[in-house]
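Undergrad:
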Ligand code: SF4
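In this note's numbering, the protein residues as written are 1 to 447.
(1) With burial defined as no fewer than 16 other Cβ atoms inside 10 Å of the residue's Cβ, what is the status of residue 102: buried or exposed?
(2) Exposed or buried, residue 128, counting other C-beta atoms within 10 Å across all chains shown (16 or more means buried)?
(3) Have a look at 439, 155, 216, 175 and flag the residue whose alpha-carbon is nearest the alpha-carbon of residue 142.
(4) With a threshold of 8 Å on Cβ separation, who are the neighbours of residue 435 within its own chain once the five nearest residues in sequence on each side are excluded?
(5) Got a sec? Which residues, its chain only, sit under 7 Å from residue 256 by beta carbon, not counting five neighbours each side?
(6) By the three-class DSSP mapping on this structure, what secondary structure does residue 33 have?
(7) Which residues mark the beginning and the end of the beta strand (DSSP E) in which residue 225 is found?
(8) Out of 286, 280, 289, which has the shortest C-alpha to C-alpha gap to residue 306?
(9) In chain order, which beta strand (DSSP E) runs of at least 3 residues are fully inside the region 126–163?
(10) In this structure, does DSSP put residue 424 in helix, strand or coil?
(11) DSSP has residue 191 in a bridge; who is on the other side?
(12) When you compare only the Cα positions, how much space is there between residue 400 and residue 375?
(13) Give a yes or no on contact between the region 62–74 and the region 16–33, applying the rule of three or more CB pairs nearer than 8 Å.
(14) Within 10 angstroms of the Cβ of residue 80, are there 16 or more other Cβ atoms? Answer buried if so, exposed if not.
(15) List the residues that DSSP assigns as beta-bridge partners of residue 99.
(16) Under the rule that 16 or more other beta-carbon atoms within 10 Å means buried, what is residue 120, buried or exposed?
(17) Taking the straight line between their C-alpha atoms, what separation do you get for residue 10 and residue 330?
(18) Answer with buried or exposed for residue 157, where buried requires no fewer than 16 other C-beta atoms within 10 angstroms of its C-beta.
(19) Taking residue 106 and residue 176 to be in contact with their CB atoms under 8 Å, please state how far apart those CB atoms are, rounded to whole angstroms.
(20) Using the rule of at least 16 other Cβ atoms within 10 Å of the residue's Cβ for burial, across every protein chain shown, is residue 241 buried or exposed?
(21) Looking at the structure shown, is residue 14 part of a helix, part of a strand, or coil, going by DSSP?
(22) Find out if the Cβ-Cβ distance for the pair residue 174, residue 222 is shorter than 8 Å.
(23) Taking a contact to mean a Cβ-Cβ separation below 8 Å, would you say residue 406 touches residue 338 in this structure?
(24) Taking 7 Å as the cut-off, is the CB of residue 381 close to at least one heavy atom of the ligand SF4?
(25) Determine the contact status of residue 82 and residue 123, defining contact as a CB-CB distance below 8 Å.
(26) Hey, residue 8 and residue 197 are a contact pair by Cβ (cut 8 Å); roughly how many whole angstroms apart?
(27) Where residue 213 and residue 167 are concerned, what is the direct C-alpha to C-alpha distance, given to the nearest angstrom?
(28) Between which two residues does the beta strand (DSSP E) containing residue 337 stretch?
(29) Which term fits residue 90, buried or exposed, when burial requires 16 or more other beta carbons within 10 angstroms of its beta carbon?
(30) Any chance the CB of residue 430 is under 7 Å from a heavy atom of the ligand ADP?
(31) Assuming contact is defined by CB atoms lying nearer than 8 Å, are residue 416 and residue 200 in contact in what I supplied?
(32) Does the distance from the CB of residue 25 to the CB of residue 87 come in under 8 Å?
(33) Alpha carbons only, please: which of 344, 362, 421 is nearest the one belonging to residue 391?
(34) Suppose contacts are defined by Cβ-Cβ distances below 8 Å. Is residue 472 in contact with residue 271 by that definition?
(35) With DSSP run on the structure shown, which of helix, strand or coil describes residue 290?
(36) Is it the case that the CB of residue 6 approaches a heavy atom of the ligand SF4 more closely than 7 Å?
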């Protein structure tokens, strides 16, 4: 499985900021389950390993009408306690906190530069860099130092900065990761995904434009500052897998985008079968689109156990792990040509077990249809796509991969099909075609 790389949240000028952050972070839990944390009021901090409910206790109250929060899955830095966000530090511009979604391909360059000047780093994360650069900025005013810092770092970030006088929220110039804000009661709320804001009843929700920082300050309407004019490249994998289906990104519903992918997948492949079954949950919207376009009925052929907590002890065998998470319903698949729809194949091991279980449950033939192109390259922008050598499609042809997963047919959506499904969005497709937006005109190559 691909794993998300963090969700961020913020509250400005609303009493019970701690409790509201708890509610927003719950809506972002899918973006990170390793650790959670908040900084509230006068830099009161609650952080720990675990899910939101385990760390940020909803029955607790911490005074303060502003704060920021984070749920984490580590892509850079181990999942150690010291790497839990938000990170706070005393800077030359005052005490500051940061919550960051994304990774910075330029991080080593900046870290070396700063360490040569005598800086020491307390975490292994890229995110700490923002605080160091703000502290080192030639500008005295903290807001100017923030803008200067954002101009230095190209990507990939959606982030929230916390200062005693303001909150600043920003997206890099490519707009790779999502970020939204909206009105709530007497103030404003911020989240990686709009669904997490709609859940709590926020209004007038809008997206932070790429290359823009929005400042929230006392007795002033929020005001944007543009710091970059790069061309937009939103992450196509947010649409394929990461984001909640009830979210939108760049004005396109995630569910609609996945539905479109399923439609395009059928139009390109014209596979015939008796039944369409999704791999739950992220395959559902694509399977609905495929079924709609093909007229082939969709059914629940694989049941997912939603109640496996983090205490679930992984059996030593991969097949047993998958079986405990996903189990075929023999009555649905027996004697049928089954079309299994999933969002992507990373290493191929999970799909191999699914195909085997479907055959054991009586499926006559198993066709695997993936509503994205083969993942051939690693992501350097905040998603754990595994090392390139571990990506099944990086070294194998589709036919070799079909044999490896044991399917009768294996088909993928083309990159053009994906582009059409995204209805003309200018997106990043680097993990499919290896062209990284960051390398364009950059001093640093990723390979
Ligand atoms: S490389 Fe892939 S996962 Fe990473 S930002 Fe680009 S599209 Fe998203």
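The C-beta atom is built at its ideal place from N, Cα and C for all residues, glycine as well.
TA: If we stick to the structure as given:
(1) Residue 102 is buried by the Cβ-count criterion.
(2) In summary, residue 128 is buried, with 16 or more beta-carbon neighbours lying within 10 Å of its beta-carbon over all protein chains present.
(3) Comparing Cα positions, the closest option is 216.
(4) If we look at residue 435 and ignore the five residues flanking it on each side, its Cβ neighbours are 429.
(5) Sequence-distant partners of residue 256 (beyond 5 residues in either direction) whose C-beta falls short of 7 Å from its own C-beta are missing from its chain.
(6) If DSSP states are grouped into helix, strand and coil, residue 33 belongs with coil.
(7) Residue 225 -> beta strand (DSSP E) spans 223–226.
(8) Looking at the Cα atoms, 280 is the closest of the given residues.
(9) Correct list: 158–163.
(10) In the structure shown, residue 424 sits in coil (DSSP, three-state: anything other than H, G, I, E or B).
(11) Partner(s): 9, 180.
(12) The straight-line gap from Cα to Cα measures roughly 15 Å.
(13) Yes: the two stretches touch, three or more of their Cβ pairs being nearer than 8 Å.
(14) Per the 10 Å Cβ criterion, exposed.
(15) 160.
(16) Under this definition residue 120 is an exposed residue.
(17) A straight line joining the alpha-carbon of residue 10 with that of residue 330 spans about 46 Å.
(18) So residue 157 ends up on the buried side.
(19) By a beta-carbon distance limit of 8 Å, residue 106 does not contact residue 176. Their separation comes to about 14 Å.
(20) Counting C-beta atoms within 10 angstroms of its own C-beta, residue 241 has 16 or more neighbours from the protein chains shown and is therefore classed as buried.
(21) In this structure, DSSP gives residue 14 a state outside helix and strand, which the three-state scheme calls coil.
(22) In terms of Cβ geometry, residue 174 and residue 222 do not form a close pair [threshold 8 Å].
(23) Between residue 406 and residue 338, the C-beta spacing is not below 8 Å.
(24) It does: the Cβ of residue 381 is within 7 Å (strictly closer) of some heavy atom of the ligand SF4.
(25) In this structure, the beta-carbon distance from residue 82 to residue 123 falls below 8 Å.
(26) Actually they do not touch by this definition, with Cβ atoms about 12 Å apart.
(27) Their Cα atoms are separated by approximately 10 Å.
(28) Start and end: 337–342.
(29) Around the beta-carbon of residue 90, fewer than 16 other beta-carbon atoms lie within 10 Å, marking it exposed.
(30) The model on display carries the ligand SF4 but not the ligand ADP.
(31) 8 Å or more divides the Cβ of residue 416 from the Cβ of residue 200.
(32) For residue 25 and residue 87, no; Cβs fall outside 8 Å.
(33) Closest by alpha carbon: 344.
(34) There is simply no residue 472 to check, as the chain begins at 1 and stops at 447 in what is shown.
(35) The answer is helix: DSSP assigns residue 290 an H, G or I state.
(36) For the ligand SF4, not one heavy atom lies less than 7 Å from the Cβ of residue 6.
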